[in-house]
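J.:
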Amino acid sequence: MENTSLAHHLILAGLLFVLGLTGVLLRRNLLVVYMCLELMLAAATLALVAFSRFNRTMDGAVLVFFVITVAAAEVAVGLALIVALFRKRGTVQSDALTTLRD
Amino acid sequence: MPDGLFIFFAALTLGAALLLVVSRNAVTSAMGMILALVGVAAEFFLLDAYFLGVLQVLVYAGAVMVLFLFIIMLLDTEDATGAYPWKTAALGLATFFLLAASVLWLFHWSGAVSAVKAGATPPELSANPAEFVTAAKAFGRLLYTKYLLPLEIAGFLLLVALVGVVSLSKDNPETKA
Numbered sequence: 036m037e038n039t040s041l042a043h044h045l046i047l048a049g050l051l052f053v054l055g056l057t058g059v060l061l062r063r064n065l066l067v068v069y070m071c072l073e074l075m076l077a078a079a080t081l082a083l084v085a086f087s088r089f090n091r092t093m094d095g096a097v098l099v100f101f102v103i104t105v106a107a108a109e110v111a112v113g114l115a116l117i118v119a120l121f122r123k124r125g126t127v128q129s130d131a132l133t134t135l136r137d
Numbered sequence: 005m006p007d008g009l010f011i012f013f014a015a016l017t018l019g020a021a022l023l024l025v026v027s028r029n030a031v032t033s034a035m036g037m038i039l040a041l042v043g044v045a046a047e048f049f050l051l052d053a054y055f056l057g058v059l060q061v062l063v064y065a066g067a068v069m070v071l072f073l074f075i076i077m078l079l080d081t082e083d084a085t086g087a088y089p090w091k092t093a094a095l096g097l098a099t100f101f102l103l104a105a106s107v108l109w110l111f112h113w114s115g116a117v118s119a120v121k122a123g124a125t126p127p128e129l130s131a132n133p134a135e136f137v138t139a140a141k142a143f144g145r146l147l148y149t150k151y152l153l154p155l156e157i158a159g160f161l162l163l164v165a166l167v168g169v170v171s172l173s174k175d176n177p178e179t180k181a
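Respectively, the protein sequence lines represent chains A and B.
For the first sequence, the residue numbers in this note's numbering are 36 to 137.
For the second sequence, the residue numbers in this note's numbering are 5 to 181.
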């Protein structure tokens, strides 16, 4: 840990966030898009923990605890929505779901 | 130059995240996601946040990803196979490299983040009652003092999500198309 600075962790978190964002923009499978969203959330928690560690305060780590709680609830609701969508429309490909556009 | 362990787990996390984004098979994507989350948990361990690392593996890589895999296999979606169309691939590469370059500029070359090492508490935070400690006990103390209201709200949120998921996944005859 001696040679690893805050900037290294922020670069890693930023690259993870960018990868997730690219996935959200380009993928068509709603389940994969949702996983990429979760990846962006994980990148944000990594940045929070890094700030918390390098400022020697506990508040960021406690915020990550709440983020994990909210993410678990959010995943449950989101997957239930995707399953409901699949039951109604028979697909989870976002380019096949164009009812509002047509 | 950062530590070897940091570089190893950073490479693991980024590689697994890349697998998640580019893989055409949803199950392979989920495996990449699990590996990426385990990598993030390892970075938590390297940052001395042991409790959060354990929590990340248990809740995220465990419960959440099992739920994801279950739904992926339940829905059995038909995915396109073969290579990506060149337009999508070019757009994806351009987006990624543009954003990655801006991330590198912001955190490395712009000098906005000073090269601080983990050290003593900065003076503006020395009055903070929540000093960084590795023990899980510190989490409990903070959760039941400073963060009591958010804790209650989080518990209530979990209850609301539970009820909401049950009502969403119930077979409701009047909403049938």
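For glycine and all other residues, C-beta sits at the position ideal for the given N, C-alpha and C.
If you measure from the beta carbon of residue 79 (chain A) to each beta carbon in chain B, is any gap under 8 Å?
T.: Looking up residue 79 (chain A) in the first sequence gives position 44. Taking Cβ atoms only, chain B never reaches closer than 8 Å to residue 79 (chain A), which makes this a no.
J.: Find out if the Cβ-Cβ distance for the pair residue 36 (chain B), residue 23 (chain B) is shorter than 8 Å.
T.: The residue you call residue 36 (chain B) lines up with position 32 of the second sequence. The residue you call residue 23 (chain B) lines up with position 19 of the second sequence. Going by C-beta atoms, residue 36 (chain B) is nearer than 8 Å to residue 23 (chain B).
J.: Could you give the DSSP three-state label for residue 138 (chain B): helix, strand or coil?
T.: Translated into the one-based positions of the second sequence, residue 138 (chain B) becomes position 134. Residue 138 (chain B): coil per DSSP, three-state reduction.
J.: Any beta carbon of chain B sitting closer than 8 Å to that of residue 75 (chain A)?
T.: Translated into positions along the first sequence, residue 75 (chain A) becomes position 40. Chain B, which has no Cβ nearer than 8 Å to the Cβ of residue 75 (chain A), makes this no.
J.: Using a Cβ-Cβ cut-off of 8 Å, state whether residue 34 (chain B) counts as contacting chain A.
T.: On the second sequence, position 30 is the one that residue 34 (chain B) refers to. Closer than 8 Å to some Cβ of chain A, the Cβ of residue 34 (chain B) qualifies, so yes.
J.: For residue 106 (chain B), tell me which candidate among A:44, A:50, A:112 has the shortest Cα-Cα distance.
T.: Numbered from its first residue, the second sequence carries residue 106 (chain B) at position 102. Per the Cα distances, A:50.
J.: If you run the structure through DSSP and keep just helix, strand and coil, what is residue 126 (chain A)?
T.: Here residue 126 (chain A) refers to the residue found at position 91 when the first sequence is read from its first residue. Looking at residue 126 (chain A) - three-state DSSP - the assignment turns out to be coil, as it is neither helix nor strand.
J.: Where residue 69 (chain A) and residue 52 (chain A) are concerned, what is the direct C-alpha to C-alpha distance, given to the nearest angstrom?
T.: By one-based count along the first sequence, residue 69 (chain A) stands at place 34. By one-based count along the first sequence, residue 52 (chain A) stands at place 17. So the alpha carbons of these two residues sit roughly 14 Å apart.
J.: Buried or exposed: where does residue 124 (chain A) fall if 16 or more other Cβ atoms within 10 Å of its Cβ makes it buried?
T.: Translated into positions along the first sequence, residue 124 (chain A) becomes position 89. When all chains shown are included, residue 124 (chain A) counts as exposed.
J.: Can you check whether the CB of residue 41 (chain A) is closer than 8 Å to the CB of residue 79 (chain A)?
T.: Reading the first sequence from its first residue, position 44 is the one you call residue 79 (chain A). Reading the first sequence from its first residue, position 6 is the one you call residue 41 (chain A). It is not a contact, given that the beta carbons lie outside the stated cut-off.
J.: Which residue's Cα is closest to the Cα of residue 56 (chain B): A:47, A:45, A:96?
T.: Here residue 56 (chain B) is taken as the residue at index 52 of the second sequence, counted from 1. Minimum Cα distance to residue 56 (chain B) is reached at A:96.
J.: Using the Cβ count rule (16 or more neighbours within 10 Å means buried), how would you classify residue 62 (chain B)?
T.: Taking the first residue of the second sequence as 1, we reach residue 62 (chain B) at position 58. With fewer than 16 Cβ atoms within 10 Å of its Cβ, residue 62 (chain B) is classed as exposed.
J.: Around the Cβ of residue 45 (chain B), are there at least 16 other Cβ atoms within 10 angstroms (buried) or fewer (exposed)?
T.: Within the second sequence, numbered from 1, the residue matching residue 45 (chain B) stands at position 41. Classification of residue 45 (chain B): buried, given that the 10 Å Cβ count is 16 or more.
J.: Counting only beta-carbon separations shorter than 8 Å, does residue 87 (chain A) have a partner in chain B?
T.: The residue given as residue 87 (chain A) occupies position 52 in the first sequence. Answer yes: the Cβ-Cβ gap between residue 87 (chain A) and chain B drops below 8 Å somewhere.
J.: Would you kindly work out how many angstroms separate the C-alpha atoms of residue 11 (chain B) and residue 63 (chain A), rounded to a whole number?
T.: Position 7 of the second sequence, counted from the first residue, corresponds to residue 11 (chain B). Position 28 of the first sequence, counted from the first residue, corresponds to residue 63 (chain A). Going by the C-alpha atoms only, they are around 32 Å apart.
J.: What residues from chain A crowd round residue 135 (chain B), counting only those whose CB sits closer than 7 Å?
T.: The residue you call residue 135 (chain B) lines up with position 131 of the second sequence. 91, 92, 93, listed in chain order.
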